[in-house]
Amino acid sequence: MRPNPKKLLEWIKPGAPTDEELECMKLLQPGDYEIYTEKLNNFLLESKEVFLKLGVSSMLRSGDLVTGIYAPSGDMVAAWCGTYLHAVVGQLPIKYVAETWIKDPTVGCKDGDIFYCSDPLYGGIHNCDQIVVMPVFNDDELIAWTNAAVHQPETGACEPGGMPLTAKTRHDEGMLLSPIKIGENFRLREDLVEMCVNLMSRAPRMQAIDMRARLSAADRLRTRLVALAQEKGNDFVKGLFRRILIEAEEGTRRRIREWNDGTYRAVCFMDIVGEKHKLVRNYLTLHKKDDRLIWDFTGTSPETDSPQHCMPHALAANVAIHLMSYSFHDLPVSGGIFAPMEWIVPDGCMFNPHYEAAQSNSAPSCHGAMTLGTICMSKLMFDSPQRELVAAATGNTGVGIIVSGENQWGVLIADFLAFGLNTEGHGARSDMDGIDAYGFSHCPTGRAPDVEDIENEFQFFNLVAKLCKDSGGFGKYRGGAGTETIYSVNYVNYALYNSHVKGSKVRNCIGLFGGYPPGTLPGIEVLHTDLWEKLKRGDKDIPTGAVQLISERTIKGDYKISSIFQKTHVMENGDIWVVFSGGGAGYGDVLERAPEMVMDDLRREIISHWTAENVYHVAYDPETLEADVEKTKQLRKKERENRKARAMTWAEFEKEWSQLRPPEDILDYYGSWPDGKKTREIIRL
Amino acid sequence: MSSVRQITEYLNIDLEKELWCCNRCGYELISARENYKKGCLVYIRKDPTTIYNSVLTGPFSFSPDPDWAMLVEFYCPNCGVMIENEMLPPGHPVTHDIELDIDKLKEKYLTAKSDK
Ligand SMILES: [Zn+2]
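This is the structure:
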């Protein structure tokens, strides 16, 4: 019986300690907690390396994955991150197996069993994310679970790439596995593996190899835990696990208690629904009271007939990426962090849709919520000892560029071009710029693949891969720059390409304390080009960036400027397209940015001269790039006066602003204006 | 312990006076129980290309589409510092982003002060 969404959400929090666990905690001698939590972390690091070395798909090899250790109850004890959200939701299928299949005489659970799952209705994020789960037995007692999870870039859906923009219901999304026993005696059952591989006939080799990579990682972790239990005893392990959960919970509560009580709100907007450009709203009201945080997403736009939804537990897990990488980064990556939290996610909003809803775009649909979490937490933490953790939003464009077809070696693939995915800009901080090309919004440690690796493996030539000028939000501290890459189809006659990147109309990434959000991202394609002829001739005017490509147009071809968001279409040999990964948002007033920092941005080609003059109002010598500090002061003083002269009082503003409204046709999926309430029923076939 | 707390980069709260004040110049904006934005000067940046320089024009460029979103900027009426901004669809209500429990804050910081 499928668990209900409320139960899945509650399962993110740890269960209460048992008397036995509390008793077992007494076995820990001084120093044991520190030594053995570090040992667990080392086990995780090793299993992550095993995982990375054995798999083939792009996200796996970029490290956008997780391996985790869970208590027999399913509570998360430790995880290598990786992708924090997988660690958090990893608890839920385990809790489901622990509650149902263990007791079921037709399934059961014994040493050597292997469970596998991908269905968000059973606790996953979206069906691309396949999770392997193994019970850990020592002396016939279940002492733990291990898991290994990573996004599989093909699901056998109605479009290649596992995240079909045209999906209307879950029946369009391909393989959805509720937790099943897929192996026994430490081996996968080949009949079931065959079924999965067969369902992924667009990229069968990737499925076959990555399934085994997951299992190898989870099993390596299992063997280390068995060895630990044999050395220290099962009771010691139980005591250690509970102590970790308690330390994390107490540390989290202690920190929250110090912060100012109040209500913090933020709103941002997403510009895609299904395969269309439409406006939807994400809204967060964060209540901080004593030692509790209450996350209320009321005001978020309603569910639609698109795949841009997620389950409440997936929403909570995505927002937890901020919690685990900023606010509580120094506490154990464990379920204890969630004990002081509650979530309010109204039925029928895009974060809590009907169970038949498509939700293969779950992760990218949460980017707005991730922005809101970062902004509200930063406003909460500024007047606290955690001020150094205050940050504007990360790029949050979700650079899902998916390609499929035969690669240059004749192997069928459907995979991410993971360079853009893992090079979004970081949000600016209260004391420093955001990191340029820092990583993946879901995975701070994600690593972009080398250009040479991409060219050696895929069916593409990589003309450009560099930081994108003016892409980080401007401010006293600048958002980290995103990247621009230019690809061309090579070796093969054609490739299929689709893009889930958001932000061609409005970005869902917002600034902090007067820092600007980053700019939008257009889609650029050049079809039927003379690129190969130019390269053969050794032409010197081959563009080295996207702006040069579209402004100088030295490559002949049909230039197509549209949205960066593209449904699956064919690109022919020699066709070119541009990928942008979004920059992060800015922090603080641009007029407070140190003139030397602006000059440094110019030297590194992170910003344009136009921006230095018109946004930052810096006076400088364009030849030497030396700032004139005195003249800059005058320019900025004048700009402050200009601001006051052009601005209105609140009453005047309200009068003018309330007369404005977006065009009706972009509000089709928004819900009621402006509060985003449900206005119609969605009928799913 | 001072009765003034710095709440954001540009905003202080004077707990004794219960006022939002500019952190840079000390200007008294509005009651701490109100949305501080109501005490600011407000500018509607209807043309985002004044911030986002774009070599492309037309419906898809490097600058947000003003039909979809405009920048609303909040300035200190005295020193002109930009206290906050919001990227909002035209006409969308401004966010009451920070609503502190003032009584709790006073209890936390002023009581502690008088105890000492
Ligand atoms: Zn001021």
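The listed protein sequences correspond, in order, to chains A and B.
Count along the first sequence from 1, add 42, and you get the number used in the working numbering.
Count along the second sequence from 1, add 41, and you get the number used in the working numbering.
Beta carbons are placed, not taken as given, at the ideal position from N, Cα and C, and that holds for glycine.
Inset, instruction - Answer yes or no: does any C-beta atom of chain A fall closer than 7 Å to that of A110/B? - result: yes
Inset, instruction - Report buried or exposed for A687/A, applying the criterion of at least 16 other Cβ atoms within 10 angstroms of its Cβ. - result: exposed
Inset, instruction - Could you say if the segment 374-393 of chain A and the segment 137-144 of chain A meet the contact criterion of at least three C-beta pairs nearer than 8 Å? - result: no
Inset, instruction - Give a yes or no on whether 7 Å exceeds the smallest Cβ distance from L141/B to chain A. - result: yes
Inset, instruction - Can you grab the Cα-Cα spacing for the pair D142/B / D303/A, in whole Å? - result: 6 Å
Inset, instruction - Using a Cβ cut-off of 7 Å (strictly closer), state whether E50/B contacts chain A. - result: yes
Inset, instruction - Can you tell me the Cβ-Cβ gap for I708/A and K320/A, rounded? I've got them flagged as a contact below 8 Å. - result: 6 Å
Inset, instruction - Drop a sphere of 10 angstroms on the beta-carbon of H193/A, count the other beta-carbons inside from all chains shown, and report buried for 16 or more, exposed for fewer. - result: buried
Inset, instruction - Look up I9/A in the DSSP assignment and say whether it is helix, strand or coil. - result: Outside the shown range of chain A, which is 43 to 727, sits residue 9/A, and nothing can be said about it.
Inset, instruction - Would you tell me roughly how many angstroms separate the C-alpha atoms of P41/A and P177/A, rounded to the nearest one? - result: Residue coverage of chain A in this structure runs from 43 to 727, which leaves residue 41/A outside it and unanswerable.
Inset, instruction - Answer yes or no: does any C-beta atom of chain B fall closer than 7 Å to that of V657/A? - result: yes
Inset, instruction - Please check if any C-beta of chain B sits within less than 7 Å of the C-beta of L702/A. - result: yes
Inset, instruction - Look up G488/A in the DSSP assignment and say whether it is helix, strand or coil. - result: coil
Legend entry - Start-end ranges of the beta strand (DSSP E) lying completely within the segment 124-157 of chain B, minimum 3 residues: 139-141
Legend entry - Chain-ordered neighbours of Y77/B on chain A, where CB pairs are closer than 7 Å: Under the 7 Å cutoff, chain A gives no residues; its nearest Cβ is about 10 Å from Y77/B.
Inset, instruction - With distances taken Cα to Cα, identify the nearest neighbour of S404/A among G476/A, D333/A, G165/A, G628/A. - result: G165/A
Inset, instruction - Quick one: residues in its chain with C-beta nearer than 7 Å to the C-beta of R285/A, no 5 flanking neighbours on either side, listed in chain order? - result: M67, L70, Y75
Inset, instruction - Could you work out which residue in G616/A, H611/A, P585/A is closest to D600/A when comparing CA atoms only? - result: G616/A
Legend entry - Selected residue, minimal CA-CA separation from P664/A, among I111/A, S650/A, N394/A: S650/A
Inset, instruction - Please name the residues in the segment 296-312 of chain A whose beta-carbon is closer than 7 Å to at least one beta-carbon of chain B, in chain order. - result: N302, D303, G304, T305, Y306, R307, A308, V309, F311
Legend entry - For E148/B and K157/B, the rounded distance between their alpha carbons: Residue confidence is low: K157/B scores 44 on pLDDT, short of 50, so the model does not pin down where it sits. No coordinate-derived value is stated.
Legend entry - Other residues of its chain near V548/A: CB distance less than 6 Å, five sequence neighbours each side excluded: F311, D313
Legend entry - Buried/exposed call for T674/A, threshold 16 Cβ in 10 Å: buried
Inset, instruction - State the Cα-Cα distance for the pair L357/A and D347/A, rounded to the nearest angstrom. - result: 19 Å
Inset, instruction - Check whether the Cβ of G561/A lies closer than 7 Å to any Cβ atom in chain B. - result: yes
Inset, instruction - To the nearest angstrom, report how far apart Y711/A and L287/A are at their CA atoms. - result: 41 Å
Inset, instruction - Can you pull the chain B residues whose beta carbon is under 8 Å from the beta carbon of L321/A, in chain order? - result: W109, P130
Legend entry - Spatial neighbours of P118/B in its chain, beta-carbon cut-off 6 Å, leaving aside the 5 residues before and after: L82
Inset, instruction - Look at the Cβ atom of M412/A, then the Cβ atom of S343/A, and state whether they are nearer than 7 Å. - result: no
Inset, instruction - Ignore the nearest five residues each way along the sequence and tell me which others in R646/A's own chain have a CB closer than 6 Å to its CB. - result: none
Inset, instruction - In the DSSP assignment, find the beta strand (DSSP E) that holds Y93/B and state where it starts and stops. - result: Neither: Y93/B is in no beta strand (DSSP E) and is coded neither H nor E.
Legend entry - Cross-chain neighbours of I145/B in chain A, by beta carbon under 7 Å: The displayed chain sequence assigns Lys, not Ile, to residue 145/B. Under the 7 Å cutoff, chain A gives D303.
Inset, instruction - Could you tell me whether the Cβ of F278/A comes closer than 7 Å to any Cβ of chain B? - result: no
Inset, instruction - Look up H193/A in the DSSP assignment and give the residues it is bridged to. - result: D171/A
Legend entry - Cβ-heavy atom distance, C120/B to ligand 1, below 6 Å: yes
Inset, instruction - Consult DSSP for P349/A and reduce its assignment to one of helix, strand or coil. - result: coil
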